[in-house]
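**Q**
Residue numbers (the working numbering): 28 to 255.
#1: Looking at chain E, is there any beta carbon in it that lies within less than 8 Å of the beta carbon of residue 206?
#2: Using a threshold of 8 Å, state whether the C-beta atoms of residue 131 and residue 161 are closer than that.
#3: Name, in chain order, the residues that DSSP records as bridge partners for residue 67.
#4: Can you give the Cα-Cα distance for residue 245 and residue 251, rounded to whole angstroms?
#5: Please report how far the alpha carbon of residue 105 lies from the alpha carbon of residue 216, in whole angstroms.
#6: Roughly how many angstroms lie between the CA atoms of residue 87 and residue 152, to the nearest whole one?
#7: Using DSSP bridges, identify the partner residues of residue 252.
#8: Report all residues from its chain with a CB closer than 8 Å to the CB of residue 171; omit the five preceding and five following residues, and keep chain order.
#9: Between residue 45 and the rest of its own chain, which residues show a CB-CB distance below 7 Å, the 5 nearest in sequence each way excluded?
#10: Please classify residue 109: does DSSP put it in a helix, a strand, or coil?
#11: As a quick exercise: from 234, 30, 51, 237, pick the residue whose alpha carbon is nearest that of residue 41.
#12: Who does residue 100 pair with in a DSSP beta bridge?
#13: DSSP three-state call for residue 28: helix, strand or coil?
#14: Can you tell me which of the three DSSP states residue 130 falls into?
#15: Which residue spans inside the segment 215-254 form an unbroken beta strand (DSSP E) run of at least 3?
#16: Beta carbon of residue 58, beta carbon of residue 98: below 8 Å?
#17: For residue 94, which residues from the same chain have a beta carbon less than 6 Å from its beta carbon, with the 5 sequence-adjacent residues on both sides left out?
#18: Tell me the residue span of the beta strand (DSSP E) that contains residue 38.
#19: By a C-beta neighbour count over all protein chains shown, 10 Å radius and 16 as the cutoff for buried, is residue 235 buried or exposed?
#20: Going by other Cβ atoms of all chains shown within 10 Å of its Cβ, with 16 needed for buried, is residue 239 buried or exposed?
#21: Distance check for residue 128 and residue 202, CA to CA, integer angstroms please.
#22: Since I believe residue 102 is in contact with residue 167 (beta carbons under 8 Å), could you give me their beta-carbon distance rounded to a whole number of angstroms?
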């Protein structure tokens, strides 16, 4: 989960809850100082809304009018705790209002709505009218730790089966496919062919990984510390 690729604008990710928010804040401050018209987007989950660093960052961003978008992916569960058990107010986008910041709540499973809102907010930040906060309502179709979310004995998932089935009907990929076919942008058989090609590519990558040799234990600390 420790990934960085500055050459494409990825300044870093880390598994610490809310840990990347201040990193994004720093990147936005740098853009403001350099006047390079870049917009920083900080992605985090609903669990991060319980961390103090988010509020500190939102306050500083609003104070300095930084070009940053706080994008909260709210899937209603902080790993395994329902949002109703850890927040008195489930509308997370409202936390930005006391800081005089534009805030939005969007159907995160509607690809087109996500695109339209994001495009609008990016342009707003580029014009110096940022920052902004967007709460995307979405859901994990799998458990937090994979298909076998086995944290309570033999129980596979703490979420109600009816809830999971309800959200499966809102699968963003299938919803977009329906739109593309309805609007005659793609034919159904074309999308099915793309699905098969993607499945083949993923399966080949999986088989390659399984057939590859295990890493050399002597390289465990490689790239961790600065090397001469």
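For every residue, glycine included, the Cβ atom is placed at its ideal position computed from N, Cα and C.
**A** This is what the structure gives:
#1: In summary, chain E is missing from the structure at hand, where a single protein chain is found.
#2: What you label residue 131 is simply residue 104 of the chain shown in a count that begins at 1. What you label residue 161 is simply residue 134 of the chain shown in a count that begins at 1. The answer is yes: Cβ separation under 8 Å.
#3: Position 40 of the chain shown holds residue 67. Among the bridge pairs identified by DSSP, residue 67 is matched with 95.
#4: In the chain shown, counting from the first residue as 1, residue 245 sits at position 218. In the chain shown, counting from the first residue as 1, residue 251 sits at position 224. Their backbone Cα atoms lie some 13 Å apart in a straight line.
#5: On the chain shown, position 78 is the one that residue 105 refers to. On the chain shown, position 189 is the one that residue 216 refers to. Approximately 38 Å between the Cα atoms of the pair.
#6: Taking the first residue of the chain shown as position 1, residue 87 is located at position 60. Taking the first residue of the chain shown as position 1, residue 152 is located at position 125. Between residue 87 and residue 152, the alpha-carbon positions lie close to 15 Å from each other.
#7: Translated into positions along the chain shown, residue 252 becomes position 225. In the DSSP output, where bridge partners are listed per residue, residue 252 has none listed.
#8: Taking the first residue of the chain shown as position 1, residue 171 is located at position 144. The residues are 104, 106, 107.
#9: As a first step, residue 45 must be located in the chain shown, where it is residue number 18. So the qualifying residues of the chain are 71, 75, 78, 80, 81.
#10: Start at 1 with the first residue of the chain shown, and residue 109 comes out as number 82. Looking at residue 109 - three-state DSSP - the assignment turns out to be strand.
#11: In the chain shown, the residue the question calls residue 41 occupies position 14. Scanning 234, 30, 51, 237 for the CA closest to the CA of residue 41 turns up 30.
#12: The sequence position of residue 100 within the chain shown is 73, counting from 1. 72, 163, per the DSSP bridge assignment.
#13: On the chain shown, position 1 is the one that residue 28 refers to. Three-state DSSP puts residue 28 in coil, outside helix and strand.
#14: Position 103 of the chain shown, counted from the first residue, corresponds to residue 130. Assigned with DSSP and collapsed to three states, residue 130 falls in strand.
#15: Fully enclosed beta strand (DSSP E) runs of 3 or longer: not present.
#16: Start at 1 with the first residue of the chain shown, and residue 58 comes out as number 31. Start at 1 with the first residue of the chain shown, and residue 98 comes out as number 71. Not closer than 8 Å, so no.
#17: Counting from one through the chain shown, the residue named residue 94 turns up at place 67. The answer, listed in chain order, is 55, 58, 66, 152, 157.
#18: To locate residue 38, count along the chain shown from 1; it is residue 11. Its beta strand (DSSP E) spans residues 37-40.
#19: Within the chain shown, numbered from 1, the residue matching residue 235 stands at position 208. When all chains shown are included, residue 235 counts as exposed.
#20: Within the chain shown, the letter at position 212 stands for residue 239. Under a 10 Å Cβ-count criterion, residue 239 is classified as exposed, with fewer than 16 other Cβ atoms of the shown protein chains found around its own Cβ.
#21: Here residue 202 refers to the residue found at position 175 when the chain shown is read from its first residue. Here residue 128 refers to the residue found at position 101 when the chain shown is read from its first residue. Straight-line Cα distance between these residues: approximately 31 Å.
#22: Position 140 of the chain shown, counting from 1, holds the residue named residue 167. Position 75 of the chain shown, counting from 1, holds the residue named residue 102. Here residue 167 really is in contact with residue 102; their C-beta atoms are around 5 Å apart, less than 8 Å.
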